[in-house]
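Residue numbers (UniProt numbering): 1 to 268.
1) Can you name the start and end residues of the alpha helix (DSSP H) that residue 210 belongs to?
2) Within 8 Å, do at least three Cβ pairs link the region 219 to 231 to the region 21 to 37?
3) Using C-beta distances below 6 Å, list every residue in its chain close to residue 127, excluding the 5 sequence neighbours before and after it, in chain order.
4) What residue range does the alpha helix (DSSP H) around residue 105 cover?
5) Using DSSP with H/G/I as helix, E/B as strand and the rest coil, what is residue 87?
6) Which runs of the alpha helix (DSSP H), 4 residues or longer, sit entirely within the region 110 to 151?
7) Note down, one range per segment and in chain order, each beta strand (DSSP E) of at least 3 residues found wholly within the UniProt domain "AMP-dependent synthetase/ligase" (169 to 262).
8) Of the residues 243, 248, 253 and 216, which one's Cα is nearest the Cα of residue 233?
9) Which partner residues does residue 20 have in the DSSP bridge list?
10) Would you call the region 129 to 138 in contact with the region 97 to 112, where contact means no fewer than 3 C-beta pairs closer than 8 Å?
11) Any heavy atom of the ligand SAM inside 6 Å of the beta-carbon of residue 138?
Next up, the structure:
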């Protein structure tokens, strides 16, 4: 869907040696890598471990572009933004989006996200967050994959550099059902929850505000939602959400894509 935005600058990207990968039906201009064709032609057999296993769990797994709220990328001299009244060619101004490096270890540790907040394989998780951000992709999708049978999936310890920790934690995760919504709709949310049997909702604070600002509707307390987890929920919206929609456990978290510490508000 977004290739039309990239196509006008495709020649300059190719001159700079930037590879352009596209997932979706073509045709595409020469030099563009069509991933769908490669996926269709790929074997379903797993390649040997030495092909896909990283040599170091701290190596880069992927890059996620952040919203830019923490300032520009560092330049060659390590300074942020402009230096001496002019910006270096590779030093964006503060506030511009930048690529945050995500290691294999950090990606694997996201398997434990839903287990930490008390979800289990019996839950149905409602996810309407964009998958190009860490909250939707790693915490949401990968977190669902990592849920264990009783909400205690495989633990990954930084000390073991990605190897599973010792028992009593079961070595195999069961995963949980994830309801992926292409676009969040406050007017359809509770109908979706009832239709899909949703028990867990991953939010950003504004989504809860949208729900609270909806006109009252019959049956909006008739649902199976038991847990809401996310970031950025204002105290007044928090209280209004519980008063209006019933006894739902809320776990507020705080973290940064490029950070290495996450906070959980377990007590509410």
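Glycine is no exception: its CB is placed at the ideal position from the N, C-alpha and C atoms.
Quick answer:
1) Taking the first residue of the chain shown as 1, we reach residue 210 at position 210. Per DSSP, residue 210 belongs to the alpha helix (DSSP H) from 205 to 212.
2) no
3) Here residue 127 refers to the residue found at position 127 of the chain shown. Counting only Cβ-Cβ distances below 6 Å, and skipping sequence neighbours, we find 140, 178, 180 and 202.
4) Taking the chain shown and counting its residues from 1, one reaches residue 105 at position 105. Bounds of the alpha helix (DSSP H) holding residue 105 are 104 to 109.
5) Here residue 87 corresponds to residue number 87 of the chain shown, with the count starting at 1. Because residue 87 carries a pLDDT of 39, less than 50, the predicted location of this residue cannot be relied on, and the following value inherits that uncertainty. Note: residue 87 maps to coil in three-state DSSP.
6) 113 to 116
7) 177 to 180, 200 to 204, 227 to 231 and 249 to 254
8) The count along the chain shown starts at 1 and reaches residue 233 at position 233. For residue 233, the nearest C-alpha among the options comes from 253.
9) As a working mapping, residue 20 is identified with position 20 in the chain shown. Answer is 32.
10) yes
11) You won't find the ligand SAM in this model; it holds no ligand whatsoever.
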